[in-house]
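Visitor: In the numbering used here, the protein residues as written are 210 to 627.
Ideal Cβ placement from N, Cα and C applies to all residues, glycine included.
This structure is a prediction, so every number in the text was calculated from the model and none was measured.
Just dropping this structure here.
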């Protein structure tokens with residue numbers, strides 16, 4: 210379960226900004242959608258949270274920061290070589306920050322242990338990396354830390370001697386442009402497997418859903434084990450789909466995009482792809498097949514989301530989605546979020562974090578006051594994160610009206626054309 214994520218000096222974020230999934234006081238509606246933990250410091254975590262703000266405020270940059278955090282942990286040791294550039298973008302509107310490292314940190318709970326892991330990097334090297342752990346009912350343990358010493362041009366290291374494994378090999382094998390956590394796992398470290406595996410397997414970040422490809426859902430249907438679940442998911446969304454057919458197919462010459470090299474064209478023509486067809490009933494009750502290309506954008510988004518959505522709920526993962534509202538009716542959006550709120554459907558403590566412009570989610574009691582966050586830029590054009598609770602909304606306050614009326618900020622400042 211994710212407790213919080215922090216980022217600084219990355220893209221539009223300058224000062225450290227922290228997004229938290231900690232639930233507010235029990236009186237808030239969000240408490241009904243909260244997950245119990247085993248830690249007194251954070252007894253309840255939210256099942257879902259929404260992030261709002263105008264275009265270019267930094268919502269997507271926050272999601273991108275989460276994606277980079279996971280990607281660098283998973284791949285820095287195995288997909289880069291000594292001297293390879295680290296692809297990271299500092300805040301560019303400050304001369305000082307443009308030459309300083311970007312920092313990322315996640316605090317999460319896995320199997321009763323609270324972990325705090327983070328790192329700071331620039332284009333050349335990891336400047337800092339740290340990992341702390343708090344077992345259930347125990348004290349904080351300092352597992353490891355590395356800090357680049359600029360004067361000596363080397364790292365100052367600390368690795369807890371209680372960690373099992375060849376700690377010297379971990380240290381000596383960690384390149385300047387790779388993480389110790391990633392390197393140790395490549396060297397089969399069992400001591401660090403749990404925090405690494407949580408980041409790799411339980412922290413899912415999806416880019417804009419309308420740009421998603423249907424491969425995961427198609428594969429799940431093709432294998433057969435998830436087809437019925439995905440079909441029920443689509444039927445619940447009232448799309449008129451009565452069946453899904455997934456088959457292997459080779460592309461024809463006409464289906465290969467123009468502008469590709471002859472080698473790539475040949476590979477595509479020689480490969481087999483999963484082709485998805487849907488079935489609908491015509492006026493006589495007979496089946497009619499459609500390709501996904503013939504379906505609406507919303508249907509394509511829902512099919513692409515279905516596999517990942519059900520996988521996350523089934524396995525109790527954390528899912529982050531940028532612009533979840535795209536191509537989706539507000540009722541469908543509520544259906545998707547509601548699956549995370551449903552205590553029977555979401556038994557394994559899955560969490561959902563999403564950005565949106567759909568303010569209808571603020572109306573009524575579908576979500577609580579502690580489930581809303583806002584992003585907007587300050588006078589220096591740096592993004593800042595603010596929870597709705599900081600505005601101390603009254604009990605029963607019309608949140609959507611308050612937001613649209615400017616009470617919470619994070620609205621576009623539109624100027625008249627000259």
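Compare the C-alpha of residue 394 against each of 287, 320, 470, 314 and name the closest.
Guide: If we check each option's Cα against that of residue 394, 287 comes out closest.
Visitor: Is residue 251 helix, strand or coil when you go by DSSP?
Guide: Three-state result, residue 251: coil.
Visitor: In whole angstroms, what is the alpha-carbon distance linking residue 543 and residue 560?
Guide: So the alpha carbons of these two residues sit roughly 15 Å apart.
Visitor: In the DSSP assignment, what residue or residues form a beta bridge with residue 311?
Guide: Per DSSP, 330.
Visitor: Do you know whose CA, among 555, 606, 227, lies nearest residue 256's CA?
Guide: That would be 555, whose Cα lies nearest to the Cα of residue 256.
Visitor: Would you kindly check if the distance between the Cβ of residue 251 and the Cβ of residue 321 is under 8 Å?
Guide: Contact flag unset, no.
Visitor: Taking 8 Å as the CB-CB cut-off, is residue 395 touching chain D?
Guide: The chain labelled as chain D is not found in the depicted structure, where only one protein chain is given.
Visitor: Hey, how far is the Cα of residue 516 from the Cα of residue 455?
Guide: Straight-line Cα distance between these residues: approximately 14 Å.
Visitor: With 16 as the cutoff for other CB atoms within 10 Å, does residue 383 come out buried or exposed?
Guide: That one is buried.
Visitor: Just the Cα atoms here: how many angstroms apart are residue 539 and residue 406?
Guide: Distance between the alpha carbons of residue 539 and residue 406 is about 35 Å.
Visitor: For residue 253, which of 435, 232, 569 has the nearest alpha-carbon?
Guide: Comparing Cα positions, the closest option is 232.
Visitor: Got a sec, what are the start and stop residues for the beta strand (DSSP E) residue 413 sits in?
Guide: That run of the beta strand (DSSP E) goes 412–415.
Visitor: Comparing alpha-carbon positions, which option in 626, 315, 524, 486 lies nearest residue 557?
Guide: Of the candidates 626, 315, 524, 486, the one whose C-alpha sits nearest the C-alpha of residue 557 is 524.
Visitor: Return the bridge partner residues of residue 489 from the DSSP annotation.
Guide: According to DSSP, which records beta bridges pairwise, residue 489 is partnered with 497.
Visitor: Where does residue 553 sit, in a helix, a strand or coil, going by DSSP?
Guide: Here residue 553 sits in coil by DSSP.
Visitor: How about residue 528 and residue 441: do their beta carbons lie closer than 8 Å?
Guide: Result no, Cβ atoms of residue 528 and residue 441 do not sit closer than 8 Å.
Visitor: Output the boundary residues of the alpha helix (DSSP H) element that contains residue 596.
Guide: Not the alpha helix (DSSP H): residue 596 falls in the beta strand (DSSP E), residues 592–596.
Visitor: Measure the C-alpha to C-alpha separation of residue 465 and residue 508 and round it to an integer number of angstroms.
Guide: About 24 Å.
Visitor: Out of 307, 610, 608, 623, which has the shortest C-alpha to C-alpha gap to residue 223?
Guide: Measuring from the Cα of residue 223, the nearest candidate turns out to be 307.
Visitor: Give me the Cα-Cα distance between residue 482 and residue 473, rounded to the nearest whole angstrom.
Guide: When rounded, the distance between both Cα atoms is 15 Å.
Visitor: Select from 624, 592, 598 the residue whose C-alpha is nearest the C-alpha of residue 262.
Guide: The shortest Cα separation from residue 262 among 624, 592, 598 belongs to 592.
Visitor: Where does residue 399 land, buried or exposed, given buried means 16+ other C-beta within 10 angstroms?
Guide: Classification for residue 399: exposed.
Visitor: If I'm right that residue 299 touches residue 314 with Cβ under 8 Å, what's the distance once you round it to whole angstroms?
Guide: Not really, about 16 Å apart at Cβ, beyond 8 Å.
Visitor: Short of 6 Å in beta carbon distance, which residues of its chain neighbour residue 267, apart from the five on each side in sequence? Order them along the chain.
Guide: Contacts found: 221, 584, 592.
Visitor: Count the other C-beta atoms from every protein chain shown that fall within 10 angstroms of the C-beta of residue 497, then say buried if there are 16 or more, exposed otherwise.
Guide: The residue in question, residue 497, is exposed, as its Cβ has fewer than 16 Cβ neighbours within 10 Å.
Visitor: According to the neighbour-count rule (16 or more other Cβ atoms, all chains shown, within 10 Å of its Cβ), is residue 402 buried or exposed?
Guide: Exposed, because fewer than 16 other Cβ atoms sit within 10 Å of the Cβ of residue 402.
Visitor: Three or more beta-carbon pairs under 8 Å between the segment 607–626 and the segment 570–585, yes or no?
Guide: Counting Cβ pairs under 8 Å, three or more are found: they touch.
Visitor: Quick one: complete alpha helix (DSSP H) runs, 4+ long, within the segment 354–407?
Guide: Those alpha helix (DSSP H) runs which fall completely within the segment 354–407 and span 4+ residues are 376–382, 389–395.
Visitor: Where does residue 222 sit, in a helix, a strand or coil, going by DSSP?
Guide: Residue 222 falls in the strand class under three-state DSSP.
Visitor: Assuming residue 274 contacts residue 316 (C-beta within less than 8 Å), just tell me the rounded distance between them.
Guide: Contact flag wrong, Cβ pair sits at about 15 Å.
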